[in-house]
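Input: a single structure, listed below in structure tokens.
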Amino acid sequence: MSERESMEYDVVIVGAGPGGLSTAIRLKQLAAEKNQELSVCVLEKGAEVGAHILSGAVMDPIALNELIPDWQARGAPLNVEVTQDQFLFLTETKAKSTPPWLLPDCLKNEGNYVVRLGAVTQWLAEQAEALEIDIFPGFAAAHVLYNEAGAVRGVLTGDMGVARDGTHKPDYQPGMELLAKYTIFAEGSRGHLGRELIEKFKLDAGKNSQSYGIGIKEMWEVDPSQSQPGLVMHTAGWPLDADTYGGSFLYHLDNNLVVVGLVVGLDYANPWLSPFEEFQRYKTHPAIKPTFNGAKRIAYGARSLTAGGLLALPKFVFPGGAMVGCEAGFLNASRIKGSHAAIKSGMLAAEAAFAAISAGRQHDELSAYTHEFERSWLYEELNKARNFKQWFKKGRTVGTLMTGIEQWVLKGKMPWSIANHKPDHAALQPAALCTPIEYPKPDGVLTFDKLSSVYLSNTNHEEDEPVHLTLKDPNVPVRVNLAEYAGPESRYCPAGVYEFITDASGADHLQINAQNCVHCKTCDIKDPKQNIVWVVPQGGEGPVYSGM
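Here the sequence shown stands for residues 1 to 548, numbered as in the UniProt record's numbering.
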């Protein structure tokens, strides 16, 4: 058996998204300013930087202005400035537009850009590499390493060349230890190592339960007559019922590209609901459908969002490291934006880590990161919207009314905070108490099935490898989920991973088609008994999104 190799850095960063790369860039900037040597590496589980990045996205450049002030001269792919905001309330056949003067500030996008976040991330990687930062795509951090005192001392990448039965193939390679004075975790929403750290260090003690959503997105090439670069449209209402949190986005890029998606809160109650099917149905609305006349769908993907806001934000520092971006939950759900928060939180973490290393410290708690966050514009922004998700847990009517009062009337200066201590998975009701939902068959032109959609995500996993969607108890899916909740995993998964089949004897079984997984993490969040635990497959596997 091969011996494990190890490499040592001053800082190891897990995840090459906007948060992780901004952390790395800021560290190197500070080292250059002080004329110090600092070694930094970034691990990325995707086959290439940006492969697993999926977001709407409308980007506020406020944090990028701070990180790289001359980003325009450097050719950052922020090319489409927002020209118009539209917000529609939908019924099944009608659409009512909100007058611009009634929109709260959180829904106004003047000065922001419609971007392909994967392309922005690739550009950030180019800036990082120019600063001699080591970036290792195709290497998934599988385990956290701790020292004798219990502090984080680095990560272990996953073994390669392991067969499904656990034996080693001829090309087996053991994972590598990446050791550091500080380790920064930037895995994105519901990162599996972040979940471990939150549990181990009890980082969410005294906080609201975290809230999540699933965002399902497609990219289309539309007829030039339908292209309106810079148009940003959001909707609320149909096809979701009044008790289900969610909303859509439809953004016009340049080059006749339009991205369209639906976000569904994972605190929904009806186990018959399918976020994927709700999204397909949404596109058929009379106010939405014309955009796609004569258009061609060219990309598909799905990803969870960490949406609980400031009141659900866990303590994000611990001995030996910190979390940044959506790993911690810095997304501002009221603005439907998180990339600027990821960049800013990464910068703050970098500044705290650099100060600690310069002072000769290692493996302690980066308390300066917490203090500086509380003094930052990011804290002020999140504080103004701290009740957003909590109000919408009380239904669309209450959520809309109270968000309007807090954001439009009080300008975010409200004297109250709303508690929520019910995790999303606990919201699911037994199937017998809920109304089944009949979804129309896809037409293959505007609406599609899951498998043809997954094909567009370029997802790939080796069939002969350990299944990365693990079950604590293999009997729970049939005994509990199928019996009580009508097998919700077959509907909440947007990639057709979970399938209940009946064998020749009439017995039911859960079949896990792990090769379809787009790494959205919905199953890890929504499983009613928290029996599904998502772990990393071999490095480089999963979707390969094209600038999504």
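Each residue gets a CB set at the ideal place from its N, CA and C atoms; glycine is no exception.
Asked	Found
Cβ neighbour criterion (16 or more within 10 Å) applied to K344	buried
Whole-Å CB distance - N460 paired with E381, under 8 angstroms assumed	With a Cβ gap of about 38 angstroms, N460 and E381 do not count as contacting.
Nearest-angstrom Cβ-Cβ length linking E489 and C523, presumed shorter than 8 angstroms	6 angstroms
Integer Cβ distance of S211 from K337, believed to fall under 8 angstroms	That belief does not hold up - the Cβ atoms of S211 and K337 are roughly 16 angstroms apart, past 8 angstroms.
Endpoints, alpha helix (DSSP H) assigned at E33	P18 to E33
Backbone secondary structure at M1 - three-state DSSP	A caution first: M1 carries a pLDDT of 39, below 50, which makes its placement in the model unreliable, though a value can still be read off. M1 falls in the coil class under three-state DSSP.
Top-ranked residue by Cα proximity to F318, from F448, E365 and E48	E365
Nearest to F354 (by Cα), restricted to the options V14, W71 and A32	A32
Residue range of the alpha helix (DSSP H) that includes I198	H192 to K200
Three or more C-beta pairs below 8 angstroms linking the region 230-243 and the region 296-311	no
In DSSP terms, what L88 is bridged to	S97 and T235
Inter-residue Cα distance where the pair is K217 and S505	40 angstroms
Nearest-angstrom Cβ-Cβ length linking G539 and G158, presumed shorter than 8 angstroms	6 angstroms
Outcome for residue 558 when other beta-carbon atoms lying within 10 angstroms are tallied against a minimum of 16	Residue 558 lies beyond the residue range present for the chain, which begins at 1 and ends at 548; the question has no answer from this structure.
L378 - containing alpha helix (DSSP H), residue span	W377 to K384
Selection from V518, L482 and R491 that minimises the alpha carbon distance to K529	L482
For G404, the three-state DSSP class (helix, strand or coil)	helix
Continuous alpha helix (DSSP H) stretch holding D524: start and end	T522 to K526
Beta-carbon proximity list for M323, same chain, < 6 angstroms, skipping 5 on both sides	F185, G194 and F316
Beta-carbon proximity list for D171, same chain, < 6 angstroms, skipping 5 on both sides	G161
Buried or exposed by the 16-neighbour rule on C-beta atoms within 10 Å, applied to Q127	buried
Where T83 falls: helix, strand or coil (DSSP)	coil
Any 3 or more C-beta pairs closer than 8 angstroms across the region 39-49 and the region 61-73	no
Nearest residue (CA-CA) to V259, options Q226, G246, D243 and D267	Q226
Inter-stretch contact at 8 angstroms, needing at least 3 Cβ pairs: the region 165-184 / the region 120-134	no
Chain-order list of residues whose beta-carbon lies under 7 angstroms from that of N513 (same chain, five-residue window excluded)	G496, V497 and E499
Test item: CB-CB of L178 and G154 under 7 angstroms	yes
T502: first and last residue of the uninterrupted beta strand (DSSP E) it sits in	Y498 to T502
Same chain, Cβ closer than 6 angstroms to W408, five either side skipped, listed in chain order	P104
Close Cβ partners of I247 (< 7 angstroms) along its chain, the five nearest in sequence each way excluded	At residue 247 the sequence reads Gly, which differs from the Ile that was named. The answer, listed in chain order, is H234, T235, A236 and V263.
Local Cβ density within 10 Å of W238, reported as buried at 16 or more and exposed below that	buried
DSSP bridge partner residues for W416 (one or two, in chain order)	Partner(s): none; W416 has no beta bridge.
T470 and V536 closer than 7 angstroms at C-beta	no
Beta-carbon spacing of N65, V82 below 7 angstroms	no
Whole alpha helix (DSSP H) elements within the region 328-402, 4-residue minimum	339-358, 367-374, 377-384 and 388-392
Distance between beta carbons of I133 and K28, contact taken as under 8 angstroms	6 angstroms
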